[in-house]
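Colleague: Supplied in structure tokens, the structure appears directly below.
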Amino acid sequence: METLRSGEYYGITKKAISIGGISLSEQQYAPLSSSPLHYHQNEHFCFALKGTFQEIGKKDDLLIGEGQLLIYPKDREHKTVIRENARTCLFVEFDTLWLEKLKDAKIRFDDFSVVDNQHISHLFFRIFNEFRKPGNASNLLLEGLVLESAVELSRRDLGEKKLIPYQVKKIRNLLQESYAEKWTLDNLATRLGFHPVYLNKLFKQYFGKTIHLYLEDLRIERVCDKLKNTSDPITNIAFECGFNDASHLCKVFAKRKGLRLMEYKTMM
94 METLRSGEYY GITKKAISIG GISLSEQQYA PLSSSPLHYH QNEHFCFALK GTFQEIGKKD
154 DLLIGEGQLL IYPKDREHKT VIRENARTCL FVEFDTLWLE KLKDAKIRFD DFSVVDNQHI
214 SHLFFRIFNE FRKPGNASNL LLEGLVLESA VELSRRDLGE KKLIPYQVKK IRNLLQESYA
274 EKWTLDNLAT RLGFHPVYLN KLFKQYFGKT IHLYLEDLRI ERVCDKLKNT SDPITNIAFE
334 CGFNDASHLC KVFAKRKGLR LMEYKTMM
């Protein structure tokens with residue numbers, strides 16, 4: 094099993110810098126790719142800028158989507174599986190002094206932890222923007238933003254993701270394999286003999302979002318893939334990805350992506 098040292102990742106490095114004991118690195122990964130089983134010598138953060146990926150280990154099976162933060166422990170063996178779209182991530186590694194600061198802020202690295210929080214996501218997007226396009230006193234700003242993110246992380250329940258129950262995995266796999274089906278919370282709960290409210294709560298505990306939002310994100314991800322790689326009419330794409338019609342797709346797309354579908358299509 095391979096050991097990755099500080100600053101080493103399996104992706105393609107687009108940019109990397111080191112500031113005051115903080116190392117930042119932008120990494121890109123091809124769609125439908127995977128890494129061999131490995132572990133990292135240093136604790137670090139991984140912020141998902143684009144795409145969805147899965148971390149699989151003996152004790153963990155986590156799905157991480159755009160805007161979510163993954164806290165990596167050191168010496169924890171795992172492999173990474175990239176989903177349909179290319180993955181871009183910002184890695185933030187720390188030296189010994191910084192690790193002491195994080196421990197003082199009650200940031201734990203003993204388990205993989207997925208953080209799905211709007212404010213923390215906003216902070217890491219700011220870190221990435223300053224990292225990519227540095228301005229005056231960027232070093233000070235970047236160090237300050239990382240420190241602010243550590244404080245914000247210490248003030249919330251990280252909701253550490255333990256071993257995912259079989260039933261929750263089953264629902265996730267079902268949604269991924271049959272995302273175009275007309276799933277409802279009731280019929281999914283009936284399959285497992287769970288109360289719908291309890292199932293939704295359990296699913297959110299492990300994947301950071303409700304079943305409805307998870308399914309919407311899956312469908313929108315497939316839509317984006319088809320917009321990039323096919324010339325199919327919007328109506329066809331809508332039906333193929335589980336939407337009632339083109340109008341329904343456009344409404345959900347704008348809500349989840351923050352821009353109109355046709356605006357997104359012109360960017361391809």
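Quick note: to get the working numbering, add 93 to the position in the sequence shown (first position is 1).
Where a beta carbon is used, it is the ideal one built from N, C-alpha and C, also for glycine.
As the structure is a prediction and not an experimental result, all values here were calculated from the model.
1. Using beta-carbon positions only, say whether GLU186 and SER99 come within less than 8 Å of one another.
2. Please go through the same chain and pick out, in chain order, the residues whose beta-carbon is closer than 8 Å to the beta-carbon of MET94, but skip the five residues on each side of it.
3. As a quick exercise: from ILE213, LYS167 and GLU223, pick the residue whose alpha carbon is nearest that of GLU70.
4. How would you label VAL244, buried or exposed, when you count the other beta carbons within 10 angstroms and need 16 or more for buried?
5. Tell me the rounded alpha-carbon separation between LEU240 and SER247.
6. Looking at the strands, I want to know which residues DSSP matches up with TYR259.
7. Quick check on DSSP: helix, strand or coil for GLU136?
8. Can you give me the Cβ contacts of LYS297 inside the same chain, cut-off strictly under 6 Å, excluding the 5 residues immediately before and after it?
9. Would you call the CB atoms of PHE184 and TYR291 closer than 8 Å?
10. DSSP has ALA141 in a bridge; who is on the other side?
11. What does the alpha-carbon distance come out to for the pair GLN269 and PHE146?
12. What are the boundary residues of the alpha helix (DSSP H) that includes ILE304?
13. Give the DSSP-derived three-state secondary structure of ASP154 in the structure shown.
14. Using three-state DSSP, classify PHE346 as helix, strand or coil.
15. What ranges does the alpha helix (DSSP H) occupy inside the stretch 201-249, keeping only unbroken runs of at least 4 residues that lie completely in it?
16. Does the beta-carbon of LEU352 have 16 or more other beta-carbons within 10 angstroms, so that it is buried, or is it exposed?
17. Considering only the beta carbon of each residue, do GLY113 and ASN232 sit closer than 8 Å?
18. With DSSP as the reference, identify every bridge partner of ALA109, one or two as the case may be.
19. Return helix, strand or coil for LYS297, following the three-state DSSP convention.
Modeller: By the coordinates alone:
1. Along the sequence shown, read from residue 1 onward, the residue named residue 186 stands at position 93. Along the sequence shown, read from residue 1 onward, the residue named residue 99 stands at position 6. Taking 8 Å as the Cβ cut-off, GLU186 and SER99 qualify as a contacting pair.
2. Locating residue 94 in the sequence shown gives position 1, where the first residue counts as 1. Residues of the same chain with a CB within less than 8 Å of the CB of MET94, apart from the 5 flanking positions on each side, are PRO129, LEU130, HIS131, TYR132 and GLU170 in chain order.
3. Any question about residue 70 goes unanswered here, given that the chain covers just 94 to 361.
4. The residue you call residue 244 lines up with position 151 of the sequence shown. So VAL244 ends up on the exposed side.
5. As a position in the sequence shown, residue 240 is number 147, starting the count at 1. As a position in the sequence shown, residue 247 is number 154, starting the count at 1. Cα to Cα, LEU240 sits roughly 11 Å from SER247.
6. By one-based count along the sequence shown, residue 259 stands at place 166. The partner list for TYR259 (beta bridge, DSSP) is empty, contrary to what the question assumes.
7. Taking the sequence shown and counting its residues from 1, the one referred to as residue 136 is at position 43. Looking at GLU136 - three-state DSSP - the assignment turns out to be coil, as it is neither helix nor strand.
8. Residue numbering aside, residue 297 sits at position 204 when the sequence shown is read from its first letter. Correct list, in chain order: THR303.
9. Counted from its first residue, the sequence shown places residue 184 at position 91. Counted from its first residue, the sequence shown places residue 291 at position 198. No, Cβ-Cβ distance for PHE184 and TYR291 is not below 8 Å.
10. Reading the sequence shown from its first residue, position 48 is the one you call residue 141. Answer is CYS182.
11. As a first step, residue 269 must be located in the sequence shown, where it is residue number 176. As a first step, residue 146 must be located in the sequence shown, where it is residue number 53. Using only the alpha carbons, I get a separation of about 13 Å.
12. Here residue 304 corresponds to residue number 211 of the sequence shown, with the count starting at 1. Per DSSP, ILE304 belongs to the alpha helix (DSSP H) from 304-322.
13. On the sequence shown, residue 154 is found 61 positions in, with the first residue counted as 1. Of the three classes helix, strand and coil, the one that applies to ASP154 here is strand, per DSSP.
14. In the sequence shown, counting from the first residue as 1, residue 346 sits at position 253. If DSSP states are grouped into helix, strand and coil, PHE346 belongs with the helices.
15. 211-225 and 231-247
16. Residue mapping note: residue 352 aligns to position 259 of the sequence shown, counting from 1. Answer is exposed; the Cβ neighbour count stays below 16.
17. Within the sequence shown, residue 113 is the residue found at index 20, counting from 1. Within the sequence shown, residue 232 is the residue found at index 139, counting from 1. Their beta carbons are under 8 Å apart, which means GLY113 touches ASN232 by this criterion.
18. As a working note, residue 109 is residue 16 in the sequence shown. Paired residue(s): SER118.
19. Reading the sequence shown from its first residue, position 204 is the one you call residue 297. Reduced to three states, the DSSP call for LYS297 is helix.
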